[in-house]
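What follows is a single structure, written as structure tokens, with notes after it.
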Amino acid sequence: MVRPVSKPQVEIITLTENNLEVKLRGEGHTILNLLVSELNSDPRVVAAYRVEHPLLDVVYLHVVTEGDLSPLEALEEAARRLNEKLRSLRSQLLEAFPHLKG
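Below you can see the structure in the form of structure tokens.
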């Protein structure tokens with residue numbers, strides 16, 4: 042069964058100069074694995090997520106930064122890099138499989 046795509050709900054639990062904890066509803070392992078991996082590719086960032094319970098649609102994202110990089114800046118940079126990577130992948134797939142609709 043395919044679940045309808047809905048806009049995730051975001052609630053900031055903690056936000057300080059170098060620490061962010063966010064509660065997300067409507068997102069799961071797929072996006073958060075990508076995001077945490079991209080966040081952790083920056084040596085100034087440590088990020089992780091946890092699922093509150095497998096039957097609940099609640100995930101917590103935790104981002105800790107060092108230096109003058111704020112957690113929100115780290116999130117923005119990681120999202121931008123992911124967007125670029127996914128656009129590149131899409132272009133490569135469309136080149137490899139021209140019958141796909143762009």
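The opening residue of the sequence shown carries number 42 in this note's numbering; numbering runs sequentially from there.
All C-beta atoms, glycine included, are put in the ideal place defined by N, C-alpha and C.
As the structure is a computational prediction, the values presented were derived from the model and not from experiment.
Looking at the secondary structure, which residues open and close the alpha helix (DSSP H) in which residue i lies?
i	result
K126	112-137
State the beta-bridge partners of residue i as determined by DSSP.
i	result
R107	The question names Arg, yet the displayed sequence has Glu at residue 107. Partner(s): none; E107 has no beta bridge.
V87	V105
I53	V63
V77	Partner(s): none; V77 has no beta bridge.
Tell me whether residue i sits in a helix, a strand or coil according to DSSP, three-state version.
i	result
E68	coil
I need the straight-line Cα distance from residue i to residue j, nearest angstrom please.
i	j	result
L141	D109	44 Å
N59	L80	14 Å
T57	E117	16 Å
S111	H94	29 Å
D98	E52	13 Å
Out of the options, point me to the one whose CA is closest to residue i's CA.
i	options	result
E62	K48, N124, R85, V104	V104
A119	L65, L73, E136	L73
V92	Q50, H70, R131, K48	H70
K64	S82, E58, Q50	Q50
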